[in-house]
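The number in this note's numbering is simply the position in the sequence shown, starting from 1, with 894 added. Notes follow the structure.
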Amino acid sequence: MRNLLAGLAFVTVAVPPAAAQDSTPARGIFKSGEEVYVQCIATDQASLDRCDWFLMAAHDMATYYQDTKQIEVDFCVPKATTAETIRRVAVDRWRDKPQSRRYSAVSGFLNALSEKYPGPCKG
């Protein structure tokens, strides 16, 4: 899990301001959108849990870097939003834009959040 979080931190820092490019490559150990999408549409709970953990970690890292003014991330997820809802947002975008699944899962996910929940948060 520590390796996953360290990897997500690196990938998230590499995301350009405002919106990530769907063409950001998924290099080395970093997950492509397809790898995460497969977990997110699975029917077994273990796969869904892996999907949710990945998405929560990517969200938390992006929020941390936004809060510390290291990147601009243009989304504001409502506080009562569930992990299942976030998963649906990611899956819907990857399903609607299948070409984006070839690239960075983090970039695609941040774009999904930016499109669904344009921000920044107020207050």
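Every residue, glycine too, gets a C-beta built ideally from N, C-alpha and C. Quantities reported herein were computed from a predicted structural model and do not represent experimental measurements.
Length of the line joining the Cα atoms of residue 930 and residue 966:
As a first step, residue 930 is located in the sequence shown; it is residue number 36 there, counting from the start. As a first step, residue 966 is located in the sequence shown; it is residue number 72 there, counting from the start. Near 24 Å, if we compare the C-alpha coordinates of residue 966 and residue 930.
Identify, in the order they occur along the chain, each residue of the same chain with its Cβ nearer than 8 Å to the Cβ of residue 995, setting aside the five sequence neighbours on each side.
As a first step, residue 995 must be located in the sequence shown, where it is residue number 101. Hits under 8 Å: 926, 927, 928, 931, 988 and 1002.
Could you pull the start and end residues of the alpha helix (DSSP H) that residue 927 belongs to?
The sequence position of residue 927 within the sequence shown is 33, counting from 1. Its alpha helix (DSSP H) spans residues 927-934.
What three-state label does DSSP hand residue 911 in the structure shown?
Along the sequence shown, one-based indexing puts residue 911 at 17. For residue 911, the pLDDT reaches just 40, beneath the cut-off of 50, and the residue's location in the model is therefore unreliable, although a value from the coordinates is still provided. It is coil, neither helix nor strand.
Member of 960, 1010, 957 and 985 whose CA lies at the smallest distance from the CA of residue 934
To locate residue 934, count along the sequence shown from 1; it is residue 40. When only C-alpha atoms are compared, the closest one is 985.
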